[in-house]
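Beneath this line is the structure, given in structure tokens, with notes to follow.
Number of protein chains: 2
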Amino acid sequence: MDETADRILDAAFARIVEHGLRRTTMDDVARAAGLSRVTVYRRFSRKGDLIQALIMRELHRFLGEFEAAVGPLPTLADQVAEGFAVTLKGVRGHALLGRLLAGEPETILPHLTLEAGPYLKVAREHLAGHLRSPESEAVAEVFIRVTLSFLLTPDSVVPLSSDEEARAFAARHLVPLLP
Amino acid sequence: MDETADRILDAAFARIVEHGLRRTTMDDVARAAGLSRVTVYRRFSRKGDLIQALIMRELHRFLGEFEAAVGPLPTLADQVAEGFAVTLKGVRGHALLGRLLAGEPETILPHLTLEAGPYLKVAREHLAGHLRSPESEAVAEVFIRVTLSFLLTPDSVVPLSSDEEARAFAARHLVPLLP
């Protein structure tokens, strides 16, 4: 991603956190980025493309944090438990996700469900790299689906308010799926 | 649920399948049911309540089908595999869900995610009855979350186009979680 695209996405992120997705136009983003409309439209021809690029950039950023937390751990079981805890904390504390899910869920839910295929793919391939088996991608996908589900539907019989609880859940309910 | 409520929900179901959720008002439902607005509003004071009742009735109806398919099977592992296959087929072939997810996802997604707690609870308690262990509810919840996720985000590395594939997925990726 080039510098201009990054600058557009930075401006879009800040603008959407403050005003929401519905009340943010491509013109607003151009103005906030200090760029012309033409420059913005050359990078992102539709608002939907811009949002997709924004989510993808956040995902890659998060995978960096995930790696820093999970990479050094000795066993795969430790990595799964910590990875689940870190991801849950990451999505729960995410400024943009929190703002949109609370304030205008109908604008963000399609991206996190029906249109989430590309993000699921990136996360799955990343996670599968840790698992190293012919079934890695399917197992990784199940882990991601369960985690995403707790973001989409927080109501649960499972206690998940602390990192310890998150790790205990993963140890009991995800680790047995390891290849 | 009384007969009048059932008649209202029947009318709402048919009307929404044909015209969608956004273009269905409480007046439309009253007219389709051959009832007065007052009668409809006495049962369901808001459109949201009516939709919730509609989804809950469909869920109970489906749990009956689920039971008929799964109940006679000899082992818990068989029940999980068949239960997953039957549920996937049930949600994929559901006229109302299909219509709304394809045509106006933003109207139905909040019900299937952020507001899905009450449905998740009913399904979880039903499923946990089969599992019979102190951890039954948590395990049931994971099964339901994974299944719901395939409805919400169909894009997958897992082949799930036939009942055989669905059963194979469940045998490999859900059964190991049994208590």
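These protein sequences, in sequence, are chains A and B. 1 is the number of the first residue of the first sequence in the UniProt record's numbering; add one for each residue after it. 1 is the number of the first residue of the second sequence in the UniProt record's numbering; add one for each residue after it. Note that beta-carbon positions come from the ideal geometry of N, C-alpha and C, so glycine has one too.
So with CB distances below 8 Å, who are the chain A contacts of residue i?
i, result
"P176(B)", "P176 and L177"
"R145(B)", "R145, V146, S149, F150 and T153"
"L101(B)", "L114"
So residue i and residue j are in contact, right, with Cβ under 8 Å, and what is the actual spacing, rounded?
i, j, result
"V175(A)", "V40(A)", "That belief does not hold up - the Cβ atoms of V175(A) and V40(A) are roughly 45 Å apart, past 8 Å."
"A53(A)", "F44(A)", "6 Å"
"V86(A)", "A69(A)", "5 Å"
"A95(B)", "V17(B)", "5 Å"
"L177(A)", "L177(B)", "7 Å"
"E141(B)", "V142(A)", "That pair is no contact at about 14 Å."
"I55(B)", "Y119(B)", "6 Å"
"T153(B)", "L114(A)", "7 Å"
"P179(B)", "L101(B)", "Not really, about 33 Å apart at Cβ, beyond 8 Å."
"D163(B)", "K89(B)", "7 Å"
Exposed or buried, what is residue i when buried is set at 16 or more other beta-carbons lying within 10 Å of its beta-carbon?
i, result
"R15(A)", "buried"
"A11(B)", "buried"
"A30(A)", "buried"
"residue 182(B)", "Any answer about residue 182(B) is impossible in this case: the structure gives chain B only from 1 up to 179."
"S156(B)", "buried"
"R22(B)", "exposed"
"R167(B)", "buried"
"G98(A)", "exposed"
"G83(A)", "buried"
"A170(A)", "buried"
"E65(B)", "exposed"
"E3(A)", "exposed"
Going along chain B in order, which residues have a C-beta closer than 7 Å to the C-beta of residue i?
i, result
"G83(A)", "The premise fails here: G83(A) is roughly 16 Å from chain B at the closest Cβ pair, so nothing lies under 7 Å."
"A123(A)", "What A123(A) touches in chain B: nothing, since even the nearest Cβ is about 11 Å away."
"A138(A)", "V157, V158 and H173"
Can you pull the chain A residues whose beta carbon is under 7 Å from the beta carbon of residue i, in chain order?
i, result
"P105(B)", "P110 and L114"
"E141(B)", "S156, V157 and V158"
"L120(B)", "T153 and D155"
"G129(B)", "Within 7 Å Cβ-Cβ: nothing; G129(B) doesn't reach chain A, min ~14 Å."
Which bits of chain B does residue i rub up against, with CB to CB less than 9 Å?
i, result
"G117(A)", "T153, P154, D155 and S156"
_the region 38-54 of chain A touching the region 15-30 of chain A, judged by at least three CB pairs closer than 8 Å_ = Verdict: yes, contact present.
*Counting Cβ pairs closer than 8 Å, one from the region 137-154 of chain A and one from the region 63-78 of chain A, do we hit at least three?*
no
*Stretch pair the region 53-60 of chain A + the region 108-126 of chain A: three plus CB contacts closer than 8 Å*: yes
*Cβ contact (3+ pairs, closer than 8 Å) linking the region 98-110 of chain A and the region 103-113 of chain B*: The region 98-110 of chain A is in contact with the region 103-113 of chain B.
_Across the region 141-156 of chain A and the region 142-153 of chain B, are there enough close Cβ pairs to call them in contact, namely three or more that are closer than 8 Å?_
In short, these stretches touch, since the Cβ pair count reaches three.
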